[in-house]
């Protein structure tokens, strides 16, 4: 209750003075009145005080209060001096607060289009000895253009971070890539999609191998803008002998191939038809049926019929896809939803 | 008697379900975003919505101006990080469009597009001095200008699905002529 009361007192002050825009007019003189107002504001609404309110709110506050306090810090980050925010981030040891301060630095980067704000976040994501702190630093970047920022800054990217010994860090990598692809670019960005594929390839082997995370990434990432080289890499993953324990990963590769650009569809369809005959895993075969429908839309009707005798256990799936295709829906999301409505127990294609 | 009534009821339910499915199948959902005004000036006001000047010909978009040209930043309107793809090549302008070079890019002038899912887009038109394609949150895209088919410096923003302009994104939040177009004021909730 006390925290909520403090927030209620501080909110009007920040709303009144916090979101002031910087240099929107090309030549705007800064008056002494504005300077003295800023000084008195700093006394009452210091970053330290705000962070303590946030810390208390995240610990004991209600869900809406937590959401409000998080958003408030990210909004204010645009007008705070970067050095002050960075120093607070570097001092912080609590993972919960590290995530919020990392998010504030990411918000500042997005508002000013300055990737340098992320330098300390990335350093910490690599170097901090506490895996929870490394993961929190990364989670703060969710929903920002982090792939582009990492490319501009050089040094580290998600293909290196996926090799972290901590599962929590690896999970943060996958969640960031999926959210960035879907929420920032709506699946249209080639660089993010190709980085996700490279990360999934990296997660398959080595001391920090995590096939389940690789499968999640490949199963959910958009591949609509990837280039021919990325498609070739995905196809090469299907060349290894089918390992029963990696059925989910192979199915995820198939789902990813189902979303490739039209210019790549002919060779992908050929390979998927071969795979349906060679791989007797039902998870993989179900994924192939969905991928073929996505790649061929109405043209998949005879293709599916030709595949029916190969595995009679999947006749219901083939019936459901054919029924969905006959509705004439022209968008994959609608078609997938219709198929799901007809046969709800089948795995949901992405 | 009872069984006939039951059969009729079931039949009616089946028809309703089929109609509902057919209607719902035509819809494509998208994400609801928040759009703030594009000018960080208290004088910025909405001056056209569904109709030019709110009483003229069809417009179905928001025009926002503050009476200046090439002075104020033209802010990206969506709250959150998004990719603003630039379509430029028009010379800066503060006046009216005349046939030829001034009526550039089909009338849109220098403009920016955020491409969402399922055919949804959000556009901001008529910028002067565009800064290029950026992925950012409410950053400066350029300056408020009058490039393209425009009769004075302003921001034109619209929300389209498969090329058709929609009005619900601003009508649902009550934005109309005279509403503040300041960058701290929410003017709409476009779908992406």
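Protein chains in written order, with this note's numbering: chain H, -11 to 338; chain R, 19 to 210. Ideal Cβ placement from N, Cα and C applies to all residues, glycine included.
For residue 84 (chain H), is the classification buried or exposed, using 16 other Cβ atoms within 10 angstroms of its Cβ as the cut-off for buried?
-> exposed
Which chain R residues are close to residue 98 (chain H), counting only those with a beta carbon under 7 Å from its beta carbon?
-> 99, 154, 155
Under a CB-based cut-off of 9 Å, is residue 145 (chain H) close to chain R?
-> no
Contact list for residue 136 (chain R) against chain H, beta-carbon separation under 8 Å | Here the neighbours are 319, 321.
Could you tell me which chain R residues have their CB closer than 9 Å to the CB of residue 177 (chain H), listed as they occur along the chain?
-> Simply 101, 153.
Indicate whether residue 135 (chain H) and residue 180 (chain H) have their beta-carbon atoms separated by less than 9 Å.
-> For the pair residue 135 (chain H) and residue 180 (chain H), the CB atoms are nearer than the 9 Å cut-off.
Shorter than 9 Å from the beta carbon of residue 164 (chain H) to some beta carbon of chain R?
-> no
Using a Cβ-Cβ cut-off of 9 Å, state whether residue 80 (chain R) counts as contacting chain A.
-> The structure shown contains no chain A; its protein chains are H and R.
Taking residue 205 (chain R) and residue 194 (chain R) to be in contact with their CB atoms under 8 Å, please state how far apart those CB atoms are, rounded to whole angstroms.
-> So it is not a contact: roughly 10 Å between Cβ atoms.
Spatial neighbours of residue 74 (chain H) in its chain, beta-carbon cut-off 8 Å, leaving aside the 5 residues before and after | Closer than 8 Å at Cβ, skipping near neighbours: 93, 105, 108.
Please list, in chain order, all residues of the same chain as residue 309 (chain H) whose beta carbon is under 8 Å from its beta carbon, the five residues on each side excluded.
-> So the list reads 277, 278, 281, 288, 292, 327, once near-sequence residues are dropped.
Buried or exposed: where does residue 33 (chain R) fall if 16 or more other Cβ atoms within 10 Å of its Cβ makes it buried?
-> At residue 33 (chain R) the pLDDT is 39, less than 50, meaning the model places this residue with poor confidence; the figure from the coordinates comes in the next sentence. Burial call: exposed.
For residue 321 (chain H), which of helix, strand or coil comes out of DSSP?
-> DSSP places residue 321 (chain H) in helix when its eight states are reduced to three.
Rounded separation between residue 360 (chain H) and residue 129 (chain H) - CA only = Nothing about residue 360 (chain H) can be read from this structure; chain H reaches only from -11 to 338.
State whether the segment 154 to 161 of chain H contacts the segment 129 to 140 of chain R, with contact taken as three or more CB pairs (one from each stretch) at a distance under 8 Å.
-> no
Quick one: grab the DSSP three-state call for residue 147 (chain H).
-> helix
Take the Cβ of residue 298 (chain H) as the centre, count every other Cβ of all protein chains shown within 10 Å, and call the residue buried at 16 or more, exposed below.
-> exposed
Closer than 8 Å: is that where the CB of residue 329 (chain H) sits relative to any heavy atom of the ligand PLP?
-> The ligand PLP is absent from the structure shown, which contains no ligands of any kind.
In the DSSP assignment, find the alpha helix (DSSP H) that holds residue 190 (chain H) and state where it starts and stops.
-> 178 to 191
Please go through the same chain and pick out, in chain order, the residues whose beta-carbon is closer than 7 Å to the beta-carbon of residue 166 (chain R), but skip the five residues on each side of it.
-> When the five nearest sequence neighbours on each side are left out, the beta carbons in the same chain lying within less than 7 Å of the beta carbon of residue 166 (chain R) are those of 108, 115, 121, 122, 123, 125, 126, 127, 143, 144, in order along the chain.
Cβ-based neighbour list, residue 139 (chain R), same chain, cut-off 6 Å, excluding 5 preceding and 5 following | Here the set comprises 131, 133, 178.
From the beta carbon of residue 66 (chain R), is the nearest beta carbon of chain H less than 9 Å away?
-> no
If you follow the alpha helix (DSSP H) that residue 45 (chain H) is part of, which residue opens it and which one closes it?
-> 35 to 48
Nearest-angstrom Cα separation, counted from residue 186 (chain H) out to residue 205 (chain H) | 10 Å
Find the residues of chain R that neighbour residue 213 (chain H), judging by a C-beta separation of less than 8 Å, and give them in chain order.
-> Result: empty, since nearest Cβ-Cβ is about 11 Å, beyond 8 Å.
Examine chain H for any beta-carbon lying closer than 9 Å to the beta-carbon of residue 133 (chain R), and answer yes or no.
-> yes
Would you check if there are 3 or more beta carbon pairs closer than 8 Å linking the segment 80 to 95 of chain R to the segment 54 to 64 of chain R?
-> yes
Could you pull out every residue in the same chain whose Cβ sits closer than 6 Å to the Cβ of residue -7 (chain H), ignoring the five residues on either side in sequence?
-> The predicted position of residue -7 (chain H) is uncertain, since its pLDDT is 47 and thus under 50; a value taken from the coordinates is nonetheless stated next. So no residue of the chain qualifies.
Assigned secondary structure, residue 228 (chain H) (DSSP; H/G/I helix, E/B strand, else coil) | coil
Of all the CB atoms in chain H, is at least one closer than 9 Å to the CB of residue 49 (chain R)?
-> Taking a beta-carbon distance threshold of 9 Å, residue 49 (chain R) counts as an interface residue toward chain H.
Looking at C-beta atoms only, is the number of pairs between the segment 312 to 322 of chain H and the segment 258 to 265 of chain H that lie closer than 8 Å three or more?
-> Counting Cβ pairs under 8 Å, fewer than three are found: no touch.
Anything in chain H within Cβ reach of residue 210 (chain R), meaning under 8 Å, just list it in chain order.
-> 174
What is the rounded straight-line gap between the Cα of residue 77 (chain H) and the Cα of residue 122 (chain H)?
-> Near 12 Å, if we compare the C-alpha coordinates of residue 122 (chain H) and residue 77 (chain H).
Do you know how far the Cα of residue 127 (chain H) is from the Cα of residue 201 (chain H)?
-> 16 Å
Of all Cβ atoms in chain R, is any one closer than 9 Å to the Cβ of residue 50 (chain H)?
-> no
Is the CB of residue 131 (chain H) under 9 Å away from at least one CB in chain R?
-> Taking CB atoms only, residue 131 (chain H) has a neighbour in chain R less than 9 Å away.
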